[in-house]
Structures are given as C-alpha cells and as structure tokens.
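Visitor:
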Amino acid sequence: MPGALSVDALAKSMVAAARASLGRDWSKARKFAEPQLDNLARSLITVGEMAAEGSISAQEAAALLEVHKNTTRTVLLTSKGLGLLAVENAINAALGAVRDTVNGALGVTLL
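Under this note's numbering, think of the first position of the sequence shown as 1266, with each following residue one higher.
#1: In this structure, how does DSSP classify T1343 when only helix, strand and coil are distinguished?
#2: Rounded to whole angstroms, what is the Cα-Cα separation between G1361 and L1376?
#3: Less than 8 Å between the C-beta atoms of Q1301 and L1341, yes or no?
#4: Just the Cα atoms here: how many angstroms apart are S1286 and E1318?
#5: Excluding sequence positions up to five away, which residues of its chain have a Cβ less than 7 Å from the Cβ of S1308?
#6: Pull up the distance between the alpha-carbon of A1283 and that of L1371, whole angstroms please.
#7: From Q1324 to G1313, what distance separates their C-alpha atoms?
Listed below in structure tokens is the structure:
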C-alpha cells in the first residue's frame, strides 16, 4: 500500500466540501451528512485497499463505490428541502475534495 489514509482527515475534507456546496442548506443536511460522510470515507478506504491489493477488480471497486454513493445520496435526500441536484453536487464536491489524496495513497484510480 503506497500510503496511509485517515478516515478522520478524509471525512473532514468531505464535510467541508459538502458544506460549501450546500451553502445555506447545510443546516438542513448536517445531522445526516456528517455521520454519512464519515461512513463514506471508511468505505472509500476499504474498497480502495481491496482494489489496491487486487482482491477486487477495478470494475468491482467502481460498483461498490457506486453502492456507497447511492447510500449517501439516499441519506442526504432525507433532509427536508434538499433536491437531488443539490445532493449530487454535494457528493461530487465531497469526493472531489479527497480524489487526489485517496488515489495517490492507494496507488490506484478509485475516484
């Protein structure tokens, strides 16, 4: 494994990006978003490590990542007043905020 990833550091970056993306709507999503983005960070590390060690293929890693993104999407959509586009933008911002860190540490392109 080329580098170590910290769940806390990833989650913090993802939360900051989602907060910025959602702007004033962050207060509607915060109680759902923070724990779910922590879960997503954990999932990124787990799926990424499996892909990096070769126990799953790149296609399987992409499919697993999509499952975790769908879970995050569903959780965030429970926030009253948030639309699909806002949620999609927040998830994309959160993943974009950690893309280089995750891919670099894993030595594979997960994001």
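All C-beta atoms, glycine included, are put in the ideal place defined by N, C-alpha and C.
Owing to the predicted nature of the structure, the values given are computational and were not obtained by experimental measurement.
Guide: In short, the structure shows the following:
#1: T1343: coil per DSSP, three-state reduction.
#2: If you take the alpha carbons of G1361 and L1376, they lie about 8 Å apart.
#3: The answer is yes: Cβ separation under 8 Å.
#4: The alpha-carbon of S1286 is positioned some 33 Å away from that of E1318.
#5: Taken in chain order, the residues that qualify are H1333.
#6: Looking at the two C-alpha atoms, the distance is approximately 23 Å.
#7: Their backbone Cα atoms lie some 12 Å apart in a straight line.
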